[in-house]
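Chemist: Protein chains in written order, with the working numbering: chain A, 1 to 550; chain B, 551 to 650; chain C, 651 to 864.
One structure, as structure tokens, below. Some questions next.
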Amino acid sequence: MSTAIFKPRPEQVAQESDGTVSNYLNASFSIRSWLLTVDHKRIAILYLISISAMFFLGGIFAMLIRMELLTPAGDLMQSETYNKMFTMHGVVMVFFFLIPATPAVFGNFLLPLMIGAKDLAFPRLNLLSWYLYTAGALLAIGSIVFGGVDTGWTFYTPYSTTYANSNVILAALGAFIAGFSSILTGLNFIVTIHKMRAPGLTWFKMPLFVWGHYATSIIQVLGTPVVAITIILVALERLFHIGIFNPELGGDPILFQHLFWFYSHPAVYIMILPAMGVISEVITCFSKKKVFGYEFIALSSMAIALLGFLVWGHHMYTSGQSTYASLVFSVLTFLVAIPSAIKVFNWTATLYKGSVSYDAPMLYAIGFLGLFTIGGLTGVFLATLAVDVHVHDTYFIVAHFHYIMVGGSIMGYMAALHFWWPKITGRLYPEGWARFSALIIFIGFNLTFFPQFVVGYLGMPRRYHIYPEEFQIWNVFSTAGSSILGIGYLIPLIYLIWSLKSGPKASPNPWNAKGLEWERCPSPPPTHNFDHTPVVIEEAYAYEHKIWIK
Amino acid sequence: MSHHVVPLKTYYTIFFALLALTAITVAVAFLDLGALNDVVAMGIASTKASLVILFFMHVKYSSKLTWVAIIGGIIFLAILLIIILSDYMTRGADTFPQAW
Amino acid sequence: MSAKNTALQHHFNDLDQQYQASQLGMWAFLVQELLFFGGLFAGYVVYRNLYPEAWTLGSHELDVSLGSTNTAILILSSLTMAMAVYWAQKGQKTKLVLFLVATLILGCSFLGIKVIEYSHKVQHHLLPGNGFSFDSPLADQVRIFFSFYFAMTGMHAFHMIVGAGILIWLIVQAMKGRYTAEYNTPIEMFGLYWHFVDVVWIYLFPLLYLIGRN
Chain A
1 MSTAIFKPRP EQVAQESDGT VSNYLNASFS IRSWLLTVDH KRIAILYLIS
51 ISAMFFLGGI FAMLIRMELL TPAGDLMQSE TYNKMFTMHG VVMVFFFLIP
101 ATPAVFGNFL LPLMIGAKDL AFPRLNLLSW YLYTAGALLA IGSIVFGGVD
151 TGWTFYTPYS TTYANSNVIL AALGAFIAGF SSILTGLNFI VTIHKMRAPG
201 LTWFKMPLFV WGHYATSIIQ VLGTPVVAIT IILVALERLF HIGIFNPELG
251 GDPILFQHLF WFYSHPAVYI MILPAMGVIS EVITCFSKKK VFGYEFIALS
301 SMAIALLGFL VWGHHMYTSG QSTYASLVFS VLTFLVAIPS AIKVFNWTAT
351 LYKGSVSYDA PMLYAIGFLG LFTIGGLTGV FLATLAVDVH VHDTYFIVAH
401 FHYIMVGGSI MGYMAALHFW WPKITGRLYP EGWARFSALI IFIGFNLTFF
451 PQFVVGYLGM PRRYHIYPEE FQIWNVFSTA GSSILGIGYL IPLIYLIWSL
501 KSGPKASPNP WNAKGLEWER CPSPPPTHNF DHTPVVIEEA YAYEHKIWIK
Chain B
551 MSHHVVPLKT YYTIFFALLA LTAITVAVAF LDLGALNDVV AMGIASTKAS
601 LVILFFMHVK YSSKLTWVAI IGGIIFLAIL LIIILSDYMT RGADTFPQAW
Chain C
651 MSAKNTALQH HFNDLDQQYQ ASQLGMWAFL VQELLFFGGL FAGYVVYRNL
701 YPEAWTLGSH ELDVSLGSTN TAILILSSLT MAMAVYWAQK GQKTKLVLFL
751 VATLILGCSF LGIKVIEYSH KVQHHLLPGN GFSFDSPLAD QVRIFFSFYF
801 AMTGMHAFHM IVGAGILIWL IVQAMKGRYT AEYNTPIEMF GLYWHFVDVV
851 WIYLFPLLYL IGRN
């Protein structure tokens, strides 16, 4: 391996003779054709733009949090302001980035292509779901502009319903509307996968990316409505003082937590399952080897989706929930770790004796393997009732979920972004810069969040803008890491946008990958996806059928 | 494309059954059956719901996939209700043995 | 151009695939609705468990005869809706329109009775909020009962209003001859929605109106 990584390989670049073929991007340039599109690929691009904007907005709040936490004293902002910072960071990142990201961008773009269909089952519902997402995002931004929310993204009662003076209803309404976007996306995917697969594409020949999105969609349809009605109840309580969450009026605040976490725990599986689907695609392509244990990975996705609905009380061990309930939730939470572990073993086994190359998507995938494992293992620590009682509401928890959500979900998203960038845009990104940023992100991420395990275990609580002096060193590491991480995310923003005009044009299959989206359509695909409906005869990831020469 | 056409007579029968069950549930509510009142009320409601689902919504003649979707939804609703209730019904049951 | 050709959307292979997709889509939507109402039922069950006397007191304020009448009206509207689907499947436009209109009238009657019930409650200071008052040491708990009463029946009524709106649109389309024996999917799919709303009421009625009546 030499400086060859800085130039695209010959087979990655489009042939001269391709000319300017009609594709979904150049089919029409009017704003109307974009804002009224029903093409799933264009809708994916619309989502890519809104979701990226929300990601960087959430990132700004993260930056402000880390700047305040550089010093033990509350010198940058007052506690009320700080409360708004971590609330908005959470609301924006959870509801407006992590939950939609991979499904709305990559699921939308790729699902019909991967199963040989012309579009999703309900293209107009798809467009509606983007408008709902955007409307919800605007409401959330409105709540920021009008002074912010300070309840934490979890909106715990009775603070959020009785005592908070901030824009709770506005922010909650934004999340509510975005929730319906999520439900419609899930509904669309379920029907598409059941009813629109190409001839020959049986369930167990589908790419695991599709299985991951199917499992995700089930969670979206079953879980999101519960948080939707909960948000309505919070609004009613706030407006009319109906008393259902207010202990002074005979209500029980823990009921809110039950209803909230019934969705919000499965929601974390909405965030990780699509990323896991991406990892299956990337690891197989860059090991040039079929996945180890296909059926186990597929069925583990389903197991995670279903078992994930049984464990929500592990967020409530210290809430006043009965000890009996906590014990039951603890046991069930141990169980839900098993299918995730099976997947990690299988991906690792896929790498074994594979012909591994380290292009940027693979770097992100390997990073995912390590960081998700750490996040997942710490999850098992937290499932343990006796441990969680001590570290609940400390930075240990914060570190745990950031390892999974950033080290896991966002790494998966970045892997997807790079892997399918040539297919989506018809351009190659600069590989050298991409590998460099992956490394920066990995280093920055670990420097930001590993110290948080330590300082959390040492007792630093979360959601406080001040802390004892002895914790400062860990916070300094963490803030330093976050600056590096921030730069790591900015670099791809720059080179990806640059590549749109100036990157080399991509061949139909620059990665020599298996899959209908690579083997049966050009980069970028035409509006109608396929000239002829493909007939599927191969298993997924049939990489061993060819001899690969580097 | 032929979809099952349910005969009108079936619809009328189900309709009258639903009305009758409604009358029964109201009547029974005025009797004192103790704890059984709730059981009977929910039992009748579930019977009525089943009639509407099976016949008016054509589920009796629908695919297995439809059945899976419905039963799946009911199961997850049951999980929501049962687990939340199990918290409330076991509060105050925390008695731990003293340390030796 | 027959209705069959214009009805097939470009991304489906044939009308049957489109119909099956619509059906699965509507059922997935109804499952979501089940969980949506489910959150309210969960809260109801918790508080009924905690405050059984207050639940009885609250329920006694509701009018069983109005509730029973509304139940009968909804059941009848499910019958008329099922018959609308039947006549659509038979390609009989006039009868289809007739039964859609009947369903609409029955739905509006239901809503009319609910308006009567709600205004009665408001007059008697039973609407949760600053105007709520109930003469009993259990007033706070009874207020929670009425919170669930208004939230659950209100959400149900909202779904009926949306349903009524869709019915009007369907009636207009049906009068234009849009639905035939070959293509009547929207009628059937709306029927599923309407029956679902009926099923929700089938549970709401005993749970709210028939507590401790003995």
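The beta-carbon is built from N, C-alpha and C at its ideal position, and this holds for glycine as well.
What are the boundary residues of the alpha helix (DSSP H) that includes W844 of chain C?
Modeler: Here the alpha helix (DSSP H) through W844 of chain C covers T835 to Y859.
Chemist: Do you know whose CA, among C:Y853, C:E711 and C:P856, lies nearest H775 of chain C's CA?
Modeler: Closest option to H775 of chain C, Cα to Cα, is C:E711.
Chemist: Would T192 of chain A count as contacting chain C if we go by Cβ distances under 9 Å?
Modeler: Answer yes: the Cβ-Cβ gap between T192 of chain A and chain C drops below 9 Å somewhere.
Chemist: Compare the beta carbon distance of G444 of chain A and I494 of chain A with 9 Å and say whether it is the shorter of the two.
Modeler: No.
Chemist: Could one say the Cβ of Y611 of chain B lies closer than 9 Å to chain C's Cβ atoms, at least one of them?
Modeler: Chain C contact via Cβ: absent.
Chemist: Is V13 of chain A helix, strand or coil by DSSP?
Modeler: V13 of chain A: strand per DSSP, three-state reduction.
Chemist: For chain B, check one thing: does any of its Cβ atoms lie closer than 9 Å to the Cβ of V356 of chain A?
Modeler: No, because no Cβ of chain B sits closer than 9 Å to the Cβ of V356 of chain A.
Chemist: Check R462 of chain A in the structure and name its three-state DSSP category.
Modeler: Three-state result, R462 of chain A: coil.
Chemist: Compute the Euclidean distance between the alpha carbons of I49 of chain A and G223 of chain A, then round it to the nearest angstrom.
Modeler: Distance between the alpha carbons of I49 of chain A and G223 of chain A is about 26 Å.
Chemist: Below 6 Å CB to CB, which residues in the same chain sit around H554 of chain B once its five sequence neighbours on both sides are set aside?
Modeler: Counting only Cβ-Cβ distances below 6 Å, and skipping sequence neighbours, we find Y611.
Chemist: Which of the residues in the region 221-241 of chain A, read from start to end, lie with their CB under 9 Å from any CB of chain C?
Modeler: Cβ contacts with chain C come from V221, L222, G223, T224, P225, V226, V227, A228, I229, T230, I232, L233, L236, E237, L239, F240 and H241.
Chemist: CA-CA distance, M93 of chain A and A62 of chain A?
Modeler: Roughly 10 Å between the two C-alpha positions.
Chemist: CA-CA distance, F471 of chain A and V536 of chain A?
Modeler: Cα-Cα distance, rounded: 58 Å.
Chemist: Which whole-angstrom value describes the C-beta separation of G408 of chain A and G375 of chain A, a residue pair presumed to lie in contact below a C-beta threshold of 8 Å?
Modeler: 6 Å between Cβ atoms; contact.
Chemist: Return the residue from the list C:A807, C:Q773, C:Y697 and C:T835 that minimises the CA-CA distance to Y638 of chain B.
Modeler: Y638 of chain B has its Cα closest to that of C:Y697, out of C:A807, C:Q773, C:Y697 and C:T835.
Chemist: Mind checking the region 699-727 of chain C against chain B and listing, in chain order, the residues whose C-beta falls within less than 8 Å of any C-beta there?
Modeler: Listed by position, the residues of the region 699-727 of chain C near chain B (Cβ gap below 8 Å) are N699, L700, V714, S718, T721, A722, I725 and L726.
Chemist: Would T640 of chain B count as contacting chain C if we go by Cβ distances under 9 Å?
Modeler: Answer no: the Cβ-Cβ gap between T640 of chain B and chain C never drops below 9 Å.
Chemist: When you compare each of A:Y163, A:A137 and A:L201 to F176 of chain A by their alpha carbons, which one comes out closest?
Modeler: Nearest of A:Y163, A:A137 and A:L201 to F176 of chain A, Cα basis: A:A137.
Chemist: Straight-line CA distance for S300 of chain A to L233 of chain A?
Modeler: Roughly 34 Å separates the two Cα atoms.
Chemist: Tell me A628 of chain B's beta-bridge partners as DSSP assigns them.
Modeler: Looking at the DSSP assignment, A628 of chain B forms no beta bridge with any residue, so it has no partner.
Chemist: Compare the C-beta of I574 of chain B with all C-beta atoms of chain C and state if any pair is closer than 9 Å.
Modeler: No, I574 of chain B lies away from the interface with chain C (no Cβ there is under 9 Å from its Cβ).
Chemist: So within the region 702-759 of chain C, which uninterrupted beta strand (DSSP E) runs reach at least 3 residues, ignoring any that extend past its ends?
Modeler: Listed in chain order, nothing qualifies, since the region 702-759 of chain C has no complete beta strand (DSSP E) run of 3 or more residues.
Chemist: Between A:E469, A:L128, A:Y489 and A:F530, which has its C-alpha nearest L70 of chain A's C-alpha?
Modeler: For L70 of chain A, the nearest C-alpha among the options comes from A:E469.
Chemist: Determine, for G623 of chain B, whether the minimum Cβ-Cβ distance to residues of chain A falls below 9 Å.
Modeler: With 9 Å as the cut-off, G623 of chain B counts as an interface residue toward chain A.
Chemist: With a cut-off of 9 Å, does the C-beta of H660 of chain C fall near any C-beta of chain A?
Modeler: Interface residue, yes.
Chemist: Going by CA-CA distance only, name the one from A:E295, A:H89 and A:K501 that's closest to R463 of chain A.
Modeler: The residue with the shortest Cα to Cα distance from R463 of chain A is A:H89.
Chemist: Under 9 Å, do M302 of chain A and Y214 of chain A count as touching if we go by C-beta distance?
Modeler: Yes, these two residues count as a Cβ contact at 9 Å.
Chemist: Got a sec: which bits of the region 328-345 of chain A sit with their beta carbon under 9 Å from any beta carbon on chain B, in order along the chain?
Modeler: Taking 9 Å as the Cβ-Cβ cut-off against chain B, the residues of the region 328-345 of chain A that qualify are V328 and F329.
Chemist: Run through the region 238-286 of chain A for me and flag every whole beta strand (DSSP E) of 3 or more residues, listed as ranges in chain order.
Modeler: You should have found no qualifying run.
Chemist: For K118 of chain A, name the three-state secondary structure that DSSP assigns.
Modeler: DSSP places K118 of chain A in coil when its eight states are reduced to three.
Chemist: Using a C-beta cutoff of 9 Å, does L842 of chain C count as contacting chain B?
Modeler: Closer than 9 Å: yes.
Chemist: Counting contacts by CB-CB distance shorter than 9 Å, is G741 of chain C in contact with chain A?
Modeler: No, no contact with chain A.
Chemist: Within 10 angstroms of its Cβ, does K501 of chain A collect 16 or more other Cβ (buried), or is it exposed?
Modeler: K501 of chain A is exposed by the Cβ-count criterion.
Chemist: Which stretch, first to last residue, makes up the alpha helix (DSSP H) that contains A480 of chain A?
Modeler: Unbroken alpha helix (DSSP H) run through A480 of chain A: Q472 to S502.
Chemist: If we count the other Cβ atoms within 10 Å of its Cβ and call it buried at 16 or more, is N780 of chain C buried or exposed?
Modeler: Answer is exposed; the Cβ neighbour count stays below 16.
Chemist: Can you give the Cα-Cα distance for K290 of chain A and T348 of chain A, rounded to whole angstroms?
Modeler: Cα to Cα, K290 of chain A sits roughly 12 Å from T348 of chain A.
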